[in-house]
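Colleague: Here the sequence shown is numbered in the numbering used here, starting from 4 and rising by one per residue. C-beta: ideal position from N, C-alpha, C; glycine also. Remember, it's a predicted structure, so these values are computed and weren't measured experimentally. Sending over a structure as structure tokens; questions will come in a sec.
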Amino acid sequence: MNLRKWQALYYSLIVLGMVLFIIAILVDERLTVIFGFAGLASAIGGFILQFIVWKCPHCEKRLPTTGTLGMDHCPYCGNNLF
Ligand SMILES: [Zn+2]
């Protein structure tokens, strides 16, 4: 799996976590806990995955987590990321 797919996966998990949180607010009280925990687990999983995989495949330096849209070269070594 390349870096672009890992990035799509962890962003999806974080967004899914946020959506589940919104659902948790809107649903019946008994389901709030279930959706809340599912959202929390999904978002935390996404952040952990980002922490593990979001680094340059060439120099192994951790990449910035903001302003990465359209970034295709490592800001440290200049090599192609994808
Ligand atoms: Zn690099």
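Less than 6 Å separating the Cβ of Tyr14 from some heavy atom of ligand 1?
Modeller: Position 11 of the sequence shown, counted from the first residue, corresponds to residue 14. Answer for Tyr14: no, Cβ out of range of ligand 1.
Colleague: Output the distance between the C-alpha atoms of Gly42 and Gly81, rounded to the nearest integer angstrom.
Modeller: As a position in the sequence shown, residue 42 is number 39, starting the count at 1. As a position in the sequence shown, residue 81 is number 78, starting the count at 1. Near 36 Å, if we compare the C-alpha coordinates of Gly81 and Gly42.
Colleague: Looking at the structure shown, is Lys58 part of a helix, part of a strand, or coil, going by DSSP?
Modeller: Looking up residue 58 in the sequence shown gives position 55. Strand at Lys58.
Colleague: Among Phe54, Lys58 and Phe40, which one has its Cα closest to the Cα of Asn5?
Modeller: Position 2 of the sequence shown holds residue 5. The candidate whose alpha carbon is nearest that of Asn5 is Lys58.
Colleague: Rounded to the nearest angstrom, how far is the Cβ of Phe50 from that of Ile17, given a contact under 8 Å?
Modeller: Position 47 of the sequence shown, counting from 1, holds the residue named residue 50. Position 14 of the sequence shown, counting from 1, holds the residue named residue 17. That belief holds up - the Cβ atoms of Phe50 and Ile17 are roughly 7 Å apart, short of 8 Å.
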